[in-house]
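Right, one structure below, let's go through it.
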Amino acid sequence: MTSIEEIFTRQDPFRSSEPIVCDPFTQDDALFDTQLLDCRVCPTSNRAALLLDMRTAEWFPMGNAAILVVHGLQSFHWAGSSTGQPLMAFSVQDSKPSVAAGRFRLDLEFFPDGNLSVVGGRADFYLLEVHGIPQAPPNYTERNLDQVRYGLPWWNSPCTMLQSSTTGT
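So in the working numbering, spot 110 of the sequence shown is number 132, and the numbers just go up one at a time.
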């Protein structure tokens with residue numbers, strides 16, 4: 023077993039024995055209804071990661087979390103409006119991947135009102151089973167992050183890799 027953080031910081035990509043069923047690098051909207059929990063940008067290692075809650079995912083019946091790691095980071099852009107609420111679940115409504123000329127790009131649109139675009143040389147996607155979290159995401163209403171974090175996949179969460187995919191560029 024490993025932690026999500028170890029997957030993010032590892033130099034060599036992990037590989038699962040199970041192929042990914044719905045590949046977010048080749049299929050538009052594969053990430054529909056996943057929830058973006060957190061992002062990491064590490065200029066030192068030239069990479070970024072998106073931590074996703076998969077318990078609400080349309081196309082992933084297995085797994086309760088995922089991490090998408092972009093290597094050779096060229097661009098990371100988030101845009102959204104403040105809702106005035108302390109916590110908000112941002113659900114993917116549209117995901118558009120593209121791989122061309124040795125470059126990976128992913129554009130995501132969220133409900134409510136968020137957009138994320140990330141560009142890099144290569145990307146890896148890992149579908150995970152995080153141990154010790156409930157089957158359903160927590161209720162964010164009138165709570166702060168410290169109050170709901172126990173019910174979320176997080177960077178220090180122990181996990182088992184179920185499936186993986188890479189852009190291979």
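Ideal Cβ positions, reconstructed from N, Cα and C, are used throughout, including at glycine.
Three-state secondary structure (DSSP) of residue i
i, result
"ILE155", "coil"
"ASP55", "coil"
"VAL192", "The chain is shown only over 23 to 191; residue 192 falls outside these bounds and no answer can be derived."
"PHE126", "strand"
"PHE36", "coil"
"LEU73", "strand"
"LEU167", "helix"
"PHE82", "coil"
"THR24", "strand"
Rounded separation between residue i and residue j - CA only
i, j, result
"ILE26", "THR56", "17 Å"
"PHE132", "SER39", "31 Å"
"THR48", "PHE147", "12 Å"
"LEU149", "GLY106", "32 Å"
"PRO46", "PRO119", "7 Å"
"PRO160", "VAL170", "6 Å"
"GLU80", "ILE42", "15 Å"
"TRP176", "HIS153", "11 Å"
"ILE155", "ARG125", "35 Å"
"GLY94", "ARG32", "14 Å"
"ARG77", "ALA88", "10 Å"
"PRO65", "TYR172", "28 Å"
"ARG69", "ARG165", "31 Å"
In DSSP terms, what residue i is bridged to
i, result
"MET183", "LEU150"
"GLU131", "ASP116, ASN137"
"LEU188", "According to the sequence shown, residue 188 is Thr rather than Leu. Answer is ASP146, bridged to THR188."
"PHE98", "VAL140"
"ALA111", "Partner(s): none; ALA111 has no beta bridge."
"ILE89", "LEU73, TYR148"
"ASP50", "Partner(s): none; ASP50 has no beta bridge."
Contact check, residue i vs residue j, beta carbons under 8 Å
i, j, result
"PHE35", "THR188", "Per the sequence presented here, residue 35 reads as Pro, with Phe not at that position. Result yes, Cβ atoms of PRO35 and THR188 sit closer than 8 Å."
"LEU73", "LEU167", "no"
"LEU53", "LEU174", "no"
"LEU184", "GLU151", "yes"
"ALA8", "VAL91", "Since the displayed the chain opens at 23 and closes at 191, residue 8 lies outside it and no answer follows."
"GLY102", "GLY143", "no"
"ASP60", "ASP116", "no"
"HIS99", "SER67", "no"
"PRO134", "MET23", "no"
"VAL141", "SER97", "yes"
Within-8 Å CB hit, residue i to chain D
i, result
"SER97", "Protein chain content of the structure displayed is limited to a single chain, and chain D is not contained in it."
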